[in-house]
Each structure stands twice: as structure tokens, then as C-alpha cells.
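Participant: Residue numbers (the working numbering): 2 to 213.
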């Protein structure tokens with residue numbers, strides 16, 4: 002079965018169309034003002050209108066308040082909330098209040114970091130293993146940083162999961178073979194500059210996933 006992919010941080014009609022036409026499983030819209038991939042609600046609504054129902058629409062947030070989440074769900078017709086820097090209690094509260102699927106991001110640098118995933122049992126529907134960014138970094142992800150995939154060896158995943166962090170068209174096949182991930186997430190790996198997605202790289206990434 003081909004590995005599903007999420008292209009995160011899409012912000013133009015052309016790149017959304019490219020992702021959809023090449024078989025993306027999920028598209029990600031960033032709702033975080035500090036990110037170069039941030040989208041306004043009006044743009045999110047326009048982009049979401051181009052996404053067929055069989056493709057998931059994931060809103061990406063960093064410790065969001067309720068008002069932001071509610072507005073983003075409405076604008077982006079979101080099917081999932083990807084939460085960074087959020088504790089399990091907050092994830093559980095958002096899940097209960099919105100009824101929307103929750104993806105909890107867990108930042109990884111060392112094996113011990115994986116322990117945080119267990120705290121989201123009952124609070125989230127999926128764990129997104131992402132690389133821990135450098136201390137003081139403005140963004141929680143999307144910086145092309147990867148972690149050692151060997152850290153996942155023999156780890157008993159408490160929930161369905163996805164692999165993120167430093168993936169690109171050249172290494173995603175190796176990543177899938179190494180970790181047996183059934184869902185992978187990419188952002189900077191299909192860009193020419195921060196926030197500028199490349200349609201050819203999107204196509205190459207999705208082709209590599211389909212071949213895995």
C-alpha cells in the first residue's frame with residue numbers, strides 16, 4: 002500500500018492543485034502568524050475550496066487559542082488540527098469541544114523524547130513525530146531539520162503516527178523503508194525558499210511516496 006503524504010504550508014492555488022493532482026493524502030494550512038507559510042482566513046477558504054473531499058484538510062497551529070481554532074476550522078473546512086507546543090490536556094479539550102481529529106506533534110532529538118507520545122493517548126488521534134528545532138528557533142518545524150530515524154526502532158507506538166522533519170523527494174523513500182511510516186509530512190523539503198512551494202518538487206515527493 003503506498004504511503005500517504007501530507008504537503009504542509011500550502012498557500013497558493015497552483016501548489017494546492019499540484020498536490021491534489023499528484024495524489025496527496027492531506028494538505029496542510031498554517032495558522033501561525035510568525036510562519037512564512039501563514040495563511041489568512043480568506044485565503045484558507047479559497048484554497049480549501051479547491052481540495053476534494055477525499056483529501057484531508059489539516060490546520061497547523063502553535064499553542065492556539067479557541068478563537069483562532071474556531072475561525073480556522075470554519076474557513077479551511079478542517080478535517081484535522083495539527084497541534085505544536087500543546088499539552089495533552091489542551092489537546093483533549095480541543096478534541097472534545099470541536100469534534101475534529103487531533104494530530105499532536107512530538108518533537109524528537111533523543112530516544113527519551115518519544116515518551117511524550119504516550120501522554121496523548123485519549124487526547125489525540127495521531128502523533129506527528131517531528132524533529133526538535135534548535136533552541137530559540139522562531140518556528141516549531143518547517144526548518145528542514147531531521148532526527149535520527151533509528152530512534153523509532155522497536156518503539157511501540159501508542160497511537161497512529163506520521164513522520165515529519167527534514168523529508169524531501171530524495172530521502173523520503175529511504176525514510177519510509179527505514180521506519181515503515183504509513184504517513185509522511187513535508188514542508189520545507191518541497192520549497193525553493195521559506196514558504197515558496199515548488200510544484201515539481203511536490204510532484205517528485207508524491208511520486209516517491211507512491212513508489213514506496
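A virtual CB, placed ideally from N, CA and C, is assigned to each residue, including glycine.
Quantities reported herein were computed from a predicted structural model and do not represent experimental measurements.
(1) Buried or exposed, going by whether 16 or more other CB atoms sit within 10 Å of the CB of residue 122?
(2) Roughly how many angstroms lie between the CA atoms of residue 59 and residue 76, to the nearest whole one?
(3) I need the straight-line Cα distance from residue 198 to residue 38, nearest angstrom please.
(4) Which value, in whole angstroms, describes the spacing of the CA atoms of residue 149 and residue 98?
(5) DSSP has residue 9 in a bridge; who is on the other side?
(6) Give me, in chain order, the residues of the same chain whose beta-carbon lies closer than 6 Å to that of residue 169; leave out the 5 immediate sequence neighbours on both sides.
(7) Bridge partners for residue 57 per DSSP, in chain order?
(8) Among 43, 32, 81, whose alpha-carbon lies nearest the alpha-carbon of residue 14?
(9) Take every Cβ of the region 123 to 133, pair it with every Cβ of the region 161 to 175, and state whether three or more of those distances are shorter than 8 Å.
(10) Determine the extent of the alpha helix (DSSP H) in which residue 70 is found, giving its start and end residues.
(11) Do the region 196 to 212 and the region 2 to 13 touch if we need at least three Cβ pairs shorter than 8 Å?
(12) Leaving out the 5 sequence neighbours to the left and right, which residues in its chain are closer than 6 Å to residue 1 when beta-carbon positions are compared?
Facilitator: Checking against the coordinates, here is how it stands:
(1) As a working mapping, residue 122 is identified with position 121 in the chain shown. Classification of residue 122: exposed, given that the 10 Å Cβ count is below 16.
(2) To locate residue 59, count along the chain shown from 1; it is residue 58. To locate residue 76, count along the chain shown from 1; it is residue 75. Each residue's alpha carbon lies about 12 Å from the other.
(3) On the chain shown, position 197 is the one that residue 198 refers to. On the chain shown, position 37 is the one that residue 38 refers to. Going by the C-alpha atoms only, they are around 10 Å apart.
(4) Looking up residue 149 in the chain shown gives position 148. Looking up residue 98 in the chain shown gives position 97. So the two alpha carbons sit approximately 35 Å from each other.
(5) The residue labelled residue 9 in the question sits at position 8 within the chain shown. According to DSSP, which records beta bridges pairwise, residue 9 is partnered with 29.
(6) By 1-based counting over the chain shown, the position of residue 169 is 168. Excluding sequence neighbours, residue 169 sits near 190.
(7) The residue labelled residue 57 in the question sits at position 56 within the chain shown. DSSP output for residue 57 lists 27 as bridge partner(s).
(8) Within the chain shown, the letter at position 13 stands for residue 14. Minimum Cα distance to residue 14 is reached at 43.
(9) yes
(10) Reading the chain shown from its first residue, position 69 is the one you call residue 70. 67 to 77 is the span of the alpha helix (DSSP H), which, as asked, contains residue 70.
(11) yes
(12) Outside the modelled stretch of the chain, which goes from 2 to 213, sits residue 1, for which no answer is possible.
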